[in-house]
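Below is one structure, written out as structure tokens, with a few remarks after it.
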Amino acid sequence: MGFEEFEPIYAEPKVEWSRSSDSVSVPLRRFLMRIFAPDYYNLKIQVTDYHLHTLETVKSVLQLEDMRDSIGIGGSWSDFVDYIVASFKSEDVKLVLEKNSDPDGPLHAKLVAQKSKGMPVISISLTKLVDSAANDAMENMSFGLFRAFKFVQNLVVQEQGRTSQLTKAISVEEEDSGSIQSQLKKRQKLQKMNSLDKTGASVLPSNNGSRDSPDKQSAQDPVSKKVANRVVPAYRRAKVRGALLQDTEDDKDN
């Protein structure tokens with residue numbers, strides 16, 4: 000039971016004078032609040048306006064256990080710590096200041112917070128710091144806030160780096176996908192062209208086959224046979240032979 004993983008809380012509480020205070024008409028500055036665990040067994044709360052008022056308190060685990068019983072929050076210790084965190088991170092955290100008529104009198108204050116309306120109210124009293132204690136508190140709050148800022152900044156930078164790497168990976172995947180789709184379209188186009196070529200090649204032999212088919216040849220054969228078997232009349236054969244003989248004699252005379 001302790002604060003082993005307690006993350007510091009920084010917030011700006013709403014500042015107001017208590018109704019019983021004699022300084023209600025005095026204007027108030029803005030305050031910065033810091034809640035953190037300096038060790039495993041204690042919780043420290045600091046508020047400051049970096050001008051006149053710096054207040055602080057330290058609550059041990061035992062003191063917070065007593066407070067839990069008094070305000071009626073059940074559950075485990077971790078549930079109670081979660082409730083404290085949620086309450087002081089809400090937008091309804093108030094810093095209530097109180098001062099009597101004596102200008103040199105002490106300033107009293109308390110932090111009031113609740114997770115939401117109707118839930119148990121956490122009220123913690125604060126004591127004003129003076130001189131070096133106040134200066135040390137303001138210094139620690141400033142550097143603590145700076146460290147918290149750097150931590151968040153590093154998280155943002157790391158997240159931006161991961162986002163950049165993811166964007167590059169997505170870009171590469173999109174390029175690869177586009178290249179694959181382009182190759183697939185080319186392959187489909189080539190397969191379609193090859194299919195058309197095969198279809199044309201299968202049609203041409205059938206036409207030639209029909210042109211040279213036995214039925215067609217048999218239809219042409221009778222004509223050629225008739226021409227080959229036609230008998231030349233005798234008188235034409237003699238005439239041709241005579242002409243040939245005459246031509247032969249003429250050649251001899253020459």
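All letters in the sequence shown, in the order written, are residues 0 to 253 by numbering that gives the first Met the number 0.
Virtual Cβ for every residue (Gly too), placed ideally from N, Cα, C.
Here the C-alpha atom of His50 lies approximately 31 Å from the C-alpha atom of Tyr82.
For the segment 118 to 175, the full-length beta strand (DSSP E) segments reaching 3 residues or more read 120 to 127 along the chain. Note that the segment 129 to 142 touches the segment 53 to 66; at least 3 beta-carbon pairs, one per stretch, sit closer than 8 Å. Counting along the chain, Phe2 sits inside no beta strand (DSSP E), nor does DSSP assign it H or E at all. A distance of 9 Å or more separates the beta carbons of Ala108 and Leu128. For Glu64, the uninterrupted alpha helix (DSSP H) run begins and ends at 60 to 70, by DSSP. The alpha carbon of Pro12 has as its nearest neighbour, out of Lys191, Leu96, Ile72, the alpha carbon of Leu96. Of the candidates Trp76, Asn153, Arg186, Glu4, the residue whose Cα lies closest to the Cα of Val60 is Trp76.
Contact between the segment 25 to 34 and the segment 2 to 12 is present: three or more C-beta pairs spanning the two stretches fall below 8 Å. In this structure, Val111 is the residue among Ser170, Lys116, Met140, Val111 with its C-alpha nearest to the C-alpha of Trp16.
The beta-carbon separation of Ala36 and Phe5, rounded to 4 Å, stays under the 8 Å limit for a contact.
Residue pairing by DSSP leaves Thr198 without any beta bridge partner. Around the Cβ of Ala136, a 10 Å sphere holds 16 or more other Cβ atoms; the residue is buried. Asp78 is positioned such that its CB atom lies no closer than 9 Å to that of Ile70. Note on Leu125: 16 or more other CB atoms within 10 angstroms of its CB, so buried under the neighbour-count rule.
Per DSSP, Tyr82 lies in no beta strand (DSSP E) segment; the continuous alpha helix (DSSP H) that holds it begins and ends at 76 to 88. In this structure, Met140 is the residue among Met140, Lys114, Leu183 with its C-alpha nearest to the C-alpha of Thr47. Cβ atoms of Ile44 and Ile123 come within 8 Å of each other, at about 6 Å.
No Cβ-Cβ contact shorter than 9 Å links Ser89 with Gln62. Per DSSP, the continuous beta strand (DSSP E) segment holding Arg33 begins and ends at 31 to 35. Beta-bridge partners assigned by DSSP to Val14: Leu94.
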